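K.L.:
Line order of the protein sequences matches chains A and B. Going letter by letter, the first sequence gives residues 43 to 647 in the numbering used here. Going letter by letter, the second sequence gives residues 12 to 582 in the numbering used here. I have a structure here, written as structure tokens, and I will follow up with some questions on it.
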Amino acid sequence: MMPSKKETKTAVKLKNLWQTTKRLTGFMKKSSLLISLTIVIAIMGTIMQVLSPKLLGNATTLIFKGVSSKAGIDMHALASILITVTVLYIGVFITSFLQERIMNVVAQKTTYELRNQLKAKMNMVPVSFFDKNSNGSLMSIAANDIDNIANSLQQSLTQLISGVITVIGVICFMFYISPLLTLLACIMVPGSLVVVKIFTPKAKKFNKSYYKSMGDLNSQIEETYQGFSVVKSFNGEKKSLQKFDEINKNMYESGWKGKFFSGCVMPLMILVQNVVYVLISAVGAAFVVSGSITIGDMQAFLQYSQQFSSPLSRLSMFWGNLLTAIASAERVFYLLDSEEMEDYHKAFSNKKDETAKVVLKNVSFGYTEEPLIKDFSLTVKDGEMVAIVGHTGSGKTTLINLLQRFYEIKGGSIQIDGMDIRNLDRKDVRKKVGMVLQDTWLFSGTIYDNIRYGNKNARPEQIYAAAKASYVDEFIQKLPDGYNTVLGEDAGNISQGQKQLITIARAFVADPDILILDEATSNVDSRTELIIQKAMRRLLKGRTSFVVAHRLSTIYDADRIVVMEQGNIVETGTHKELLSMDGTYKDIYQSQFAGNNVTTTGFTA
Amino acid sequence: MLRIIKRLPAGRVTIAITFLLLQVACAMYLPYMTADMVNNGVTKGDIGFIWKQGGFMIGLTLIGLVGQVLNPYVSSRIAFNFAAEIRREIYEKVLSFSKNEYDKFGAATLITRNTNDVTQVQSLVEMGLKFLIISPLYLIGGIVMTYKLSPRLSMVFIAAIPFLISGSVIIYKFANPLYEKIQTLLDKLNLYFREGLTGVKVIRAFGKEEEEYAKYSNTNMDYTKTAIKAGTIMSFFTPLITLLLSLTTIIIMWIGADSISKGTMEVGTIMAAITYTAQILLGFALLTSVILVIPKGQISIKRIYEILDMPLSIQDLKETITPAKKSLEFDQVDFRYPGAKKKTLEDINFKINEGQTLAIIGSTGDGKTSLINLMARLYDVEKGSVKIGGIDIREIKQKKLNNIVSLTPQKSTLFMGTIRENLLMAKPDATDEEMWIALELSCASQFVSKLKNGLDSVIEKSGGNFSGGQKQRLCIARTLLKDADIYIFDDSFSALDFKTDAAVRSSMKKKLSNAITIIVAQRISTIMNADLIAVLDKGKLAGLGTHEELLASNPVYQEIVNSQAYKEVIV
Chain A
43 MMPSKKETKT AVKLKNLWQT TKRLTGFMKK SSLLISLTIV IAIMGTIMQV LSPKLLGNAT
103 TLIFKGVSSK AGIDMHALAS ILITVTVLYI GVFITSFLQE RIMNVVAQKT TYELRNQLKA
163 KMNMVPVSFF DKNSNGSLMS IAANDIDNIA NSLQQSLTQL ISGVITVIGV ICFMFYISPL
223 LTLLACIMVP GSLVVVKIFT PKAKKFNKSY YKSMGDLNSQ IEETYQGFSV VKSFNGEKKS
283 LQKFDEINKN MYESGWKGKF FSGCVMPLMI LVQNVVYVLI SAVGAAFVVS GSITIGDMQA
343 FLQYSQQFSS PLSRLSMFWG NLLTAIASAE RVFYLLDSEE MEDYHKAFSN KKDETAKVVL
403 KNVSFGYTEE PLIKDFSLTV KDGEMVAIVG HTGSGKTTLI NLLQRFYEIK GGSIQIDGMD
463 IRNLDRKDVR KKVGMVLQDT WLFSGTIYDN IRYGNKNARP EQIYAAAKAS YVDEFIQKLP
523 DGYNTVLGED AGNISQGQKQ LITIARAFVA DPDILILDEA TSNVDSRTEL IIQKAMRRLL
583 KGRTSFVVAH RLSTIYDADR IVVMEQGNIV ETGTHKELLS MDGTYKDIYQ SQFAGNNVTT
643 TGFTA
Chain B
12 MLRIIKRLPA GRVTIAITFL LLQVACAMYL PYMTADMVNN GVTKGDIGFI WKQGGFMIGL
72 TLIGLVGQVL NPYVSSRIAF NFAAEIRREI YEKVLSFSKN EYDKFGAATL ITRNTNDVTQ
132 VQSLVEMGLK FLIISPLYLI GGIVMTYKLS PRLSMVFIAA IPFLISGSVI IYKFANPLYE
192 KIQTLLDKLN LYFREGLTGV KVIRAFGKEE EEYAKYSNTN MDYTKTAIKA GTIMSFFTPL
252 ITLLLSLTTI IIMWIGADSI SKGTMEVGTI MAAITYTAQI LLGFALLTSV ILVIPKGQIS
312 IKRIYEILDM PLSIQDLKET ITPAKKSLEF DQVDFRYPGA KKKTLEDINF KINEGQTLAI
372 IGSTGDGKTS LINLMARLYD VEKGSVKIGG IDIREIKQKK LNNIVSLTPQ KSTLFMGTIR
432 ENLLMAKPDA TDEEMWIALE LSCASQFVSK LKNGLDSVIE KSGGNFSGGQ KQRLCIARTL
492 LKDADIYIFD DSFSALDFKT DAAVRSSMKK KLSNAITIIV AQRISTIMNA DLIAVLDKGK
552 LAGLGTHEEL LASNPVYQEI VNSQAYKEVI V
């Protein structure tokens with residue numbers, strides 16, 4: 043999804059270049075004072091920098107004249123020039139320090155802002171956004187692209203500013219010393235351009251293929267290492283190595299070529315510079331001999347020609363950097379511009395006297411244009427437990443996503459306590475509706491904080507009580523750090539079963555009116571499973587609940603079973619009623635649940 | 012570090028350095044010639060000499076260019092080739108790991124070491140080949156050339172160097188801990204952002220968006236503050252070095268003027284010395300930038316060599332035996348994970364023969380997967396032995412053992428590519444017909460045949476475009492396709508519904524009637540028909556027998572059965 047988008051993005055890059063730049067500068071508005079200050083400082087610094095060669099040149103002239111006139115060198119005049127230059131140098135030191143420091147602040151503040159906005163945006167987009175964009179590409183934008191922007195802003199921007207000012211200042215001085223020599227120095231510009239034009243596209247081509255092979259190689263490595271046991275046990279090493287070698291070779295070939303071509307640019311630029319340097323030395327020397335310029339001016343001019351060429355050759359590099367930064371900014375802005383969840387401004391009709399807890403009325407919904415759920419109606423009483431049963435793809439998960447308002451319905455209405463949920467703040471909906479999901483997401487932090495996640499005002503006693511109610515207290519106590527045990531990034535340090543119990547404890551602490559449960563089918567051993575069932579039953583007690591059922595116990599416990607097929611309710615009733623109907627439920631029951639019965643024959647009696 | 016240097020091809024490195032020397036020599040000699048031009052040409056008004064000297068200088072520049080272009084030609088090849096070799100070496104080494112070594116690292120760090128760390132070392136080599144050699148040359152060359160022009164002036168440089176060094180050391184001392192902190196904070200920022208993505212549903216369900224944002228934003232603030240602090244210190248660096256060298260220029264001017272007035276020096280000499288100042292500055296700046304990279308590179312080198320130096324715990328014996336009979340026996344086997352205090356498995360004894368099915372059941376952490384890993388020799392036993400056909404598996408060639416055993420790990424693992432490619436892993440010369448039979452056996456043929464491209468349908472990264480049950484069935488098909496003697500299924504039926512589970516098992520039974528089948532499962536229904544059931548309890552064999560036998564007499568087994576039948580009792 044993302045890569046193709048990136049491709050087209052780069053294609054239209056030039057068109058959006060200006061707009062993106064404008065928008066990026068918009069982010070620096072808060073720092074606009076600082077930026078103007080930097081420009082002023084940069085101008086001051088550059089002027090001082092440009093002045094000093096001329097003054098040093100004057101010193102040389104002074105010495106030269108002193109020698110040739112045999113009157114001796116005027117050491118006082120020399121001293122005063124040198125002191126002035128020293129002051130200038132100190133000035134340059136201060137200004138260039140300030141300039142870098144300020145731009146650092148600006149760059150950091152800008153990316154700080156970008157990062158925060160991006161994070162905030164992730165809270166605003168609908169859940170469907172995460173189905174469309176892979177975590178990998180989102181992470182890459184949040185980490186790499188933002189980093190890239192920070193670096194380029196900091197380096198390229200100061201260099202661009204001072205570079206441009208230096209070039210202008212230097213040209214002025216050079217022109218002042220000798221217009222003819224200046225023309226000679228300007229040969230550098232077309233010369234450098236030719237070098238860049240010839241080598242940069244080649245380097246770019248190879249670099250691009252280098253990065254592509256790098257990506258390929260990384261995924262090859264990643265896959266082999268993640269599927270380590272399988273590769274080993276199928277004797278797949280040789281084949282993997284072959285594939286690896288192929289990509290590795292491409293990477294080597296394109297890598298060194300790209301480096302070589304981009305490595306050639308600098309020396310060739312320097313060659314152009316040196317040729318010009320020699321020409322200026324020779325012609326300048328001739329001028330000095332003929333007396334049209336002083337020796338000091340010639341020395342100054344040589345220094346100027348170097349000051350002139352170094353920003354010139356670097357400008358192209360920084361320009362390139364800036365372009366990639368803008369490409370990064372474009373990807374960031376693309377995310378920032380993604381569609382947010384709708385907030386309804388119009389009021390939907392509520393039904394104040396509704397006695398049922400949850401009412402779904404003629405609900406229709408589809409992730410795409412094609413409706414997945416059509417004309418779905420269901421009324422649930424307070425405290426009722428509804429089990430949802432159906433084959434994969436029948437719309438079970440979609441239904442609970444709608445109840446949580448992760449997606450907005452396309453037609454009909456959902457009411458909780460008589461209130462249309464679209465009239466409520468999403469926050470309020472979710473305060474009423476709690477859930478325990480199939481994927482047991484815990485964040486990196488202590489177990490205590492993870493349980494408290496459901497309600498940050500919970501007192502310690504409530505946390506411990508919730509853990510006890512979920513039968514996980516004992517396990518936690520046994521850990522060396524108890525409740526303060528820090529869970530790793532994917533909570534790899536505790537088992538799947540314990541994770542589920544902690545998520546149940548979390549739901550206890552949240553204490554919602556309505557509970558949604560997507561039962562896990564994961565590999566939990568039967569004794570742990572039994573504990574989970576007990577904890578779940580406790581959690582469900584006295585609450586209105588919707589359970590996507592995978593457990594036998596759930597369908598027995600349920601007040602009502604809703605059988606779904608292709609987004610519609612096909613049957614409802616209790617387990618016994620439905621079984622006697624000899625319809626879809628019976629079929630599902632036998633394929634999904636009934637297996638457990640076999641084991642018990644001869645034992646339960 | 013030394014080991015890296017030893018690895019580099021000496022011949023080509025010499026060539027690269029030669030070109031570099033050529034380049035530096037030319038660059039060093041140019042100002043010297045300028046001085047000559049001023050002293051003998053300009054001062055004396057000899058235009059002819061000026062042009063002659065100018066011609067020489069252009070010639071010299073061109074020679075320098077040859078060095079400058081050929082050096083990257085040689086050195087970039089050295090660096091990239093070096094990286095390619097190291098990368099391959101790591102990959103090959105990891106592929107030779109047993110599970111034991113693999114666990115010591117874990118997939119995540121192996122991946123970073125094989126990719127990022129190698130790139131890090133590559134850039135160190137690249138920079139080293141260039142700057143580490145060029146910068147001392149500029150430094151020393153500049154001083155030597157100035158000494159040649161005027162010993163007195165060169166003293167100024169020598170006096171300036173301690174200042175330069177102490178200046179950089181101080182800055183480095185202050186900045187380095189900050190950079191370490193920045194890295195930690197950056198990792199934390201990325202972690203929080205990633206958690207926001209992986210936990211989006213939970214975060215929203217609990218209405219925690221603002222809290223998550225605050226957490227992220229606070230770390231972002233910390234990060235920004237630290238980055239600004241570090242940046243401020245680094246902002247000192249370049250201007251400071253420039254200032255020090257500029258002051259050197261002024262001192263040179265002053266001393267030079269004094270010498271000239273005494274008649275011991277010429278004007279051109281001063282001009283050349285000033286140019287050398289610029290070159291020394293360049294050399295110094297390059298040197299510091301390389302030195303800053305070295306510690307980072309060294310960490311990477313260390314991390315790479317940790318892999319390359321890892322001794323292999325499982326290696327083939329010199330003389331290997333191929334078992335003739337099909338049977339599997341555990342003889343008083345003890346096993347513990349490296350470094351673990353407690354034994355994972357203790358005193359395991361059983362034997363099964365051709366055509367039989369062994370089922371293993373027990374709670375999480377009771378050692379079921381460990382037991383299976385021992386069969387495939389992903390680990391070695393601590394005591395006792397695992398025998399196939401009466402032969403200790405440590406005496407069998409690993410490649411051969413892998414052909415004898417066909418394993419389906421707990422986590423369904425599919426590789427990017429097509430269904431065909433994934434199946435061919437098991438049997439490279441399998442025909443389409445054979446593949447379809449395997450798919451049929453695992454109840455996967457139905458959904459595969461519905462796919463537009465059939466066997467050539469694309470499998471995305473980690474099989475992302477298939478459901479859990481479909482992935483499991485594809486993995487089972489792959490296991491069945493292999494012509495093995497022992498087929499192992501580690502909880503490979505968990506995502507299948509009861510109907511499919513039963514169907515797969517019954518078709519398997521026919522296909523594997525001459526082989527040994529090992530099944531790990533949670534559901535009693537999956538294993539109750541096995542010839543032999545091993546009940547594991549805290550690493551020990553708590554029971555061994557058929558379903559009926561165990562049900563009658565084994566309390567652990569009864570408890571497991573009871574827990575699954577729990578509801579039935581109530582109803």
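Built from N, CA and C at the ideal position, the CB exists for glycine as well. Source: prediction; values computed, not measured.
Looking at the structure shown, is A/Ser419 part of a helix, part of a strand, or coil, going by DSSP?
P.N.:
Here residue 419 of chain A corresponds to residue number 377 of the first sequence, with the count starting at 1. A/Ser419: strand per DSSP, three-state reduction.
K.L.:
Look at the alpha carbon of A/Ser275 and the alpha carbon of B/Asn573, and state the distance between them as a whole number of angstroms.
P.N.:
Reading the first sequence from its first residue, position 233 is the one you call residue 275 of chain A. Reading the second sequence from its first residue, position 562 is the one you call residue 573 of chain B. Spanning the two alpha carbons is a distance of roughly 36 Å.
K.L.:
Are the C-beta atoms of A/Asn193 and some chain B residue less than 8 Å apart?
P.N.:
By 1-based counting over the first sequence, the position of residue 193 of chain A is 151. It does not; no Cβ of chain B falls within 8 Å.
K.L.:
Using a C-beta to C-beta distance shorter than 8 Å, which residues of chain A count as neighbours of B/Asn360?
P.N.:
Stepping through the second sequence from its first residue, residue 360 of chain B is reached at position 349. What B/Asn360 touches in chain A: nothing, since even the nearest Cβ is about 23 Å away.
K.L.:
Between the C-alpha atoms of B/Asn267 and A/Thr128, what's the straight-line distance to the nearest angstrom?
P.N.:
For the purposes of this step, residue 267 of chain B is identified with residue 256 of the second sequence, where counting begins at 1. For the purposes of this step, residue 128 of chain A is identified with residue 86 of the first sequence, where counting begins at 1. Checking the sequence, you will find Gly at residue 267 of chain B rather than Asn. Looking at the two C-alpha atoms, the distance is approximately 16 Å.
K.L.:
Report the partner residues of A/Phe303 according to the DSSP bridge assignment.
P.N.:
Walking along the first sequence from the start, residue 303 of chain A turns up at place 261. Paired residue(s): none; A/Phe303 is not in a bridge.
K.L.:
Use the C-beta contact count for A/Lys541: other C-beta atoms within 10 angstroms, 16 or more gives buried, fewer gives exposed.
P.N.:
The count along the first sequence starts at 1 and reaches residue 541 of chain A at position 499. Answer is buried; the Cβ neighbour count reaches 16.
K.L.:
Taking a Cβ distance cut-off of 7 Å, strictly less, list which residues of the stretch 157-189 of chain A are near chain B, in chain order.
P.N.:
Result list: Arg157, Asn158, Lys161, Ala162, Met164, Asn165, Val169, Phe172, Asn177, Leu180, Met181, Ala184, Ala185.
K.L.:
Write down every uninterrupted run of the alpha helix (DSSP H) in the stretch 71-136 of chain A whose length is 4 residues or greater and which is fully enclosed by it, in chain order.
P.N.:
74-110
K.L.:
Go to B/Tyr498, then tell me how far its beta strand (DSSP E) extends in each direction, as first and last residue.
P.N.:
For the purposes of this step, residue 498 of chain B is taken as the residue at position 487 of the second sequence. First-last of the beta strand (DSSP E) with B/Tyr498: 497-501.
K.L.:
Could you check whether the stretch 267-280 of chain B touches the stretch 200-215 of chain B, counting it as contact only if at least three pairs of C-beta atoms, one from each stretch, sit closer than 8 Å?
P.N.:
No: the two stretches stay apart, fewer than three of their Cβ pairs being nearer than 8 Å.
K.L.:
Check the Cβ-Cβ distances between B/Met48 and every residue of chain A, and say whether any is below 8 Å.
P.N.:
Here the question's residue 48 of chain B lines up with position 37 in the second sequence. Chain A contact via Cβ: present.
K.L.:
Rounding to the nearest angstrom, what Cα-Cα distance links A/Leu225 and A/Ile312 in this structure?
P.N.:
Against the first sequence, residue 225 of chain A aligns to sequence position 183. Against the first sequence, residue 312 of chain A aligns to sequence position 270. Cα to Cα, A/Leu225 sits roughly 18 Å from A/Ile312.
K.L.:
Under 8 Å by Cβ, that's how I've got B/Ile121 and B/Val105 pegged, so tell me the actual separation to the nearest angstrom.
P.N.:
Here residue 121 of chain B is taken as the residue at index 110 of the second sequence, counted from 1. Here residue 105 of chain B is taken as the residue at index 94 of the second sequence, counted from 1. Before going further, note that residue 121 of chain B is Leu rather than Ile in the sequence given. That pair is a contact at about 6 Å.
K.L.:
Are any of the Cβ atoms in chain B nearer than 8 Å to that of A/Thr614?
P.N.:
Mapped onto the first sequence, residue 614 of chain A falls at position 572. No, its Cβ sits nowhere closer than 8 Å to a Cβ of chain B.
K.L.:
Of all the options B/Ala27, B/Asp512, B/Pro349, B/Ser257, which has the alpha carbon lying nearest to the alpha carbon of B/Val167?
P.N.:
The residue you call residue 167 of chain B lines up with position 156 of the second sequence. Ranking B/Ala27, B/Asp512, B/Pro349, B/Ser257 by Cα distance to B/Val167 puts B/Ser257 first.
K.L.:
How long is the line joining the alpha carbons of A/Ser94 and A/Asn249, rounded to whole angstroms?
P.N.:
Reading the first sequence from its first residue, position 52 is the one you call residue 94 of chain A. Reading the first sequence from its first residue, position 207 is the one you call residue 249 of chain A. Taking the CA atoms as reference points, A/Ser94 sits about 41 Å from A/Asn249.
K.L.:
Tell whether a beta-carbon distance below 8 Å holds between A/Ile203 and A/Ala84.
P.N.:
By one-based count along the first sequence, residue 203 of chain A stands at place 161. By one-based count along the first sequence, residue 84 of chain A stands at place 42. Against a cut-off of 8 Å, the Cβ pair of A/Ala84 and A/Ile203 comes out as a contact.
K.L.:
Thinking just about the alpha-carbon of each residue, which of A/Leu402, A/Thr63, A/Ile213 is nearest to the one in A/Arg464?
P.N.:
What you label residue 464 of chain A is simply residue 422 of the first sequence in a count that begins at 1. Closest by alpha carbon: A/Leu402.
K.L.:
Note down, in chain order, each residue of its chain lying with its Cβ closer than 7 Å to the Cβ of B/Cys454, except the 5 sequence neighbours on either side.
P.N.:
Here residue 454 of chain B refers to the residue found at position 443 of the second sequence. Cβ within range, chain order: Arg484, Thr511, Ala514, Val515.
K.L.:
Could you confirm whether any beta carbon from chain B is found closer than 8 Å to the beta carbon of A/Val400?
P.N.:
The residue labelled residue 400 of chain A in the question sits at position 358 within the first sequence. Cβ-Cβ to chain B under 8 Å: no for A/Val400.
K.L.:
Output the residue ranges of the alpha helix (DSSP H) runs that lie fully inside the stretch 370-454 of chain A and measure 4 residues or longer, sorted by chain position.
P.N.:
Within the stretch 370-454 of chain A, the runs of alpha helix (DSSP H) that reach at least 4 residues and sit entirely inside it are, in chain order, 438-445.
K.L.:
Could you tell me whether any Cβ in chain B is nearer than 8 Å to the Cβ of A/Glu142?
P.N.:
If you number the first sequence from 1, residue 142 of chain A lands on position 100. Taking Cβ atoms only, chain B reaches closer than 8 Å to A/Glu142, which makes this a yes.
K.L.:
Check B/Ala268 in the structure and name its three-state DSSP category.
P.N.:
Here residue 268 of chain B is taken as the residue at index 257 of the second sequence, counted from 1. B/Ala268 falls in the helix class under three-state DSSP.
K.L.:
DSSP puts B/Asn364 in a beta bridge; with which residues?
P.N.:
Locating residue 364 of chain B in the second sequence gives position 353, where the first residue counts as 1. BP columns for B/Asn364 point to B/Ser338.
K.L.:
Using a beta-carbon distance cut-off of less than 9 Å, what residues from the stretch 288-317 of chain B approach chain A?
P.N.:
Flagged, chain order: Ala289.
K.L.:
Buried or exposed, going by whether 16 or more other CB atoms sit within 10 Å of the CB of A/Tyr267?
P.N.:
Reading the first sequence from its first residue, position 225 is the one you call residue 267 of chain A. Counting Cβ neighbours within 10 Å, A/Tyr267 comes out buried, since at least 16 surround it.
K.L.:
Would you say B/Tyr183 lies against chain A (beta-carbon separation less than 8 Å)?
P.N.:
One-based indexing of the second sequence puts residue 183 of chain B at position 172. For B/Tyr183, the answer is no, since every Cβ of chain A falls outside 8 Å of its Cβ.
K.L.:
Beta-carbon within less than 7 Å of B/Trp447's beta-carbon, same chain only, minus the 5 sequence neighbours each way: which residues are those?
P.N.:
On the second sequence, residue 447 of chain B is found 436 positions in, with the first residue counted as 1. Once the five neighbours on either side are set aside, the close Cβ partners of B/Trp447 are Ser456.
K.L.:
Does the CB of B/Arg215 have a neighbour CB from chain A at under 8 Å?
P.N.:
Along the second sequence, one-based indexing puts residue 215 of chain B at 204. True, the Cβ-Cβ gap to chain A drops below 8 Å.
K.L.:
Going by Cα to Cα distance, which pick from A/Tyr513, A/Ile489, A/Phe550 is closest to A/Gly524?
P.N.:
The count along the first sequence starts at 1 and reaches residue 524 of chain A at position 482. With distances taken between Cα atoms, A/Gly524 lies closest to A/Ile489.
K.L.:
Let me know the alpha helix (DSSP H) ranges lying completely inside the stretch 178-233 of chain A, each 4 residues or longer, listed in chain order.
P.N.:
188-219, 221-227
K.L.:
Just reading off the alpha helix (DSSP H) that B/Ser524 is part of, what are its end residues?
P.N.:
On the second sequence, residue 524 of chain B is found 513 positions in, with the first residue counted as 1. That residue, B/Ser524, is in no alpha helix (DSSP H); it is neither H nor E in DSSP.
K.L.:
Grab me the residues of A/Cys306's own chain with a C-beta within less than 7 Å of its C-beta, minus the 5 sequence neighbours each way, in chain order.
P.N.:
Locating residue 306 of chain A in the first sequence gives position 264, where the first residue counts as 1. Taken in chain order, the residues that qualify are Phe241.
K.L.:
Could you check what DSSP says for A/Asn58 in three-state terms: helix, strand or coil?
P.N.:
Here residue 58 of chain A is taken as the residue at index 16 of the first sequence, counted from 1. Looking at A/Asn58 - three-state DSSP - the assignment turns out to be helix.
K.L.:
Can you give me the start and stop residues for the beta strand (DSSP E) that A/Asn606 sits inside?
P.N.:
Within the first sequence, residue 606 of chain A is the residue found at index 564, counting from 1. The question names Asn, but residue 606 of chain A is Met in the sequence shown. Element bounds for A/Met606: 602-607.
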